[in-house]
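Colleague:
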Amino acid sequence: MEMTLLADQIERAFRGDSWHGPAVLEVLAGITAEDAAAHPIAGAHSIWEIVLHMASGYALVLGRIQGDRIQLEEDQEWPSVQEVRDDLWQADLARLDQLNRQLVRAVGEFSPARLGDPLGSEFTAATQFLGAPQHDLYHAGQIVMLKKALARSRQQT
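Quick note: the sequence shown uses the working numbering, first residue 120, plus one each step.
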């Protein structure tokens, strides 16, 4: 498997220019801190919590590429929003963007000979690299649904 292809798929799922529909950054465009922190669907995570979770996933795979055998605790996998402020929201979006760039670069430089090797867990490097865009698009779909629920709740008030 060509590493540039894997890196490209991670980048397209996050930044766009793909056939599947809107990418992560496209669905996050224009969301305010207040909207990101809202819970328009009872029992569901907020958009902001999903962004923090996605960043945790990127950081996890990046750490594993560097040899860490980390497993995330629940509060690390799903960090909570500490304070609702636009500057903090923008900082978390910037962190997500930076971690995506780092992952794209790291995957592009990864040795194809190691793709079948476990990478810090029982999952192979290939499984985790293919899983990154799958994970992104799963959560992009959730964000779209949360945005629709938020718009619907505003119409009802």
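Every residue gets a Cβ at the ideal spot worked out from N, C-alpha and C, and that includes glycine.
Are the Cβ atoms of ASP187 and GLY250 separated by less than 8 Å?
Modeller: Sequence index remark: in the sequence shown, residue 187 carries index 68 (1-based). Sequence index remark: in the sequence shown, residue 250 carries index 131 (1-based). No, they are not a contact pair.
Colleague: Over what stretch of residues does the alpha helix (DSSP H) that includes LEU234 continue unbroken?
Modeller: Along the sequence shown, read from residue 1 onward, the residue named residue 234 stands at position 115. Careful: LEU234 lies outside any alpha helix (DSSP H) and carries neither H nor E.
Colleague: Let me know the secondary structure DSSP gives THR246 once reduced to three states.
Modeller: Indexing the sequence shown from 1 puts residue 246 at position 127. Looking at THR246 - three-state DSSP - the assignment turns out to be helix.
Colleague: According to DSSP, simplified to helix, strand and coil, what is GLN201?
Modeller: Translated into the one-based positions of the sequence shown, residue 201 becomes position 82. Residue state, collapsed to three classes: coil.
Colleague: Is DSSP giving ASP187 helix, strand or coil here?
Modeller: Along the sequence shown, read from residue 1 onward, the residue named residue 187 stands at position 68. Coil.
Colleague: Taking DSSP as the reference, what is the three-state secondary structure of ILE129?
Modeller: Here residue 129 corresponds to residue number 10 of the sequence shown, with the count starting at 1. In this structure, ILE129 counts as helix in the three-state DSSP scheme.
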